[in-house]
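Visitor: The structure is given below, and queries will be raised subsequently.
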DNA sequence: CCTTGACTTAAAGTGAACTTGAAGATTTAT
DNA sequence: ATAAATCTTCAAGTTCACTTTAAGTCAAGG
């Protein structure tokens, strides 16, 4: 069992954010000790890591919320949860492809700068 | 010369956003007709496309602002502009790498779902 | 005993990037 | 001639994901 401070150290998520996630229903299973303080078990930690991966890939809080609700509803939601993950996988792949396309434009700009600088340094450059 | 409506059709950027970008100093060169209406020339369009690429890769408005200011200051800022683009290129590459890492986690989840579903469909599955 | 530090809640605040609304000017269509 | 479309400015509103603040509880240390 880990205190909220330990979880912040293990995950890099601030205590405020962890409480916020819990309030939003993203971490519904976190238990409390006799004084009402949060105690995160291994499963909670896995959820924090999973939520972090979903957030880092741009999944909105409401959608993670929905996913957690499905999880809590039971095994009969497995196919829907899987469909969500499949769609999200495609979203990420699309996002990566778009980043590559735009990276190409940045690289083109950089190539132009190389030419410009070369021209300013040696007026006799041949291209 | 293109009206704001034509630019929205060509770029997919809304008129409000184009005005907002101009107010923020991202499009300082846009001319007006005799009635004060915006008229975008080819260079403006190129800037809109470039700004779109920078935004799509996560560059904040203030940084694009800075870039445009450097551009306006003249050729002596070329090396600084190039440095900005180089840094941004590295940021994008880092972002792509992180997306791939998190995509791996999603794929792992998906693999688990495949196993789970298989188990539910055929209790005699061998793995 | 009292202070310190780590926690708690609930509500309000923040920052970024737009987006919308109100009020007015001008051009275009009927 | 009147109505609709398109533009203008400027200010206010929205959304998302936190973050901060205020006020309070509790256990340990000096």
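Chains as they are written, first to last, in full-length UniProt numbering: chain A, 1 to 127; chain B, 1 to 127.
All C-beta atoms, glycine included, are put in the ideal place defined by N, C-alpha and C.
Bear in mind that the values here come from a model prediction, so they are computed numbers and not experimental data.
(1) Based on the DSSP output, what are the partners of residue 2 of chain A in its beta bridges?
(2) Among A:53, A:103, A:98, A:102, which residue has its Cα nearest to the Cα of residue 85 of chain A?
(3) So within the segment 44-115 of chain B, which uninterrupted alpha helix (DSSP H) runs reach at least 4 residues, ignoring any that extend past its ends?
(4) Give the interface partners of residue 85 of chain B over in chain A, defined as CB-CB distance under 8 angstroms, in chain order.
(5) With DSSP as the reference, identify every bridge partner of residue 32 of chain B, one or two as the case may be.
(6) For the alpha helix (DSSP H) that residue 18 of chain B lies in, which residues bound it at each end?
(7) Roughly how many whole angstroms lie between the Cα atoms of residue 41 of chain A and residue 111 of chain A?
(8) Could you name the residues of the same chain whose beta carbon sits closer than 8 angstroms to that of residue 65 of chain B, not counting the 5 residues immediately before and after it, in chain order?
(9) For a quick check, are the C-beta atoms of residue 57 of chain B and residue 121 of chain A less than 8 angstroms apart?
(10) If you count every other CB in all the chains shown that lies within 10 Å of the CB of residue 37 of chain A, and 16 or more means buried, which is it?
Guide: In this structure, then:
(1) A:40
(2) Ranking the options by Cα distance to residue 85 of chain A, first place goes to A:53.
(3) 61-73
(4) 106, 109, 110, 113
(5) B:38
(6) 15-23
(7) 52 angstroms
(8) 24, 25, 26
(9) no
(10) exposed
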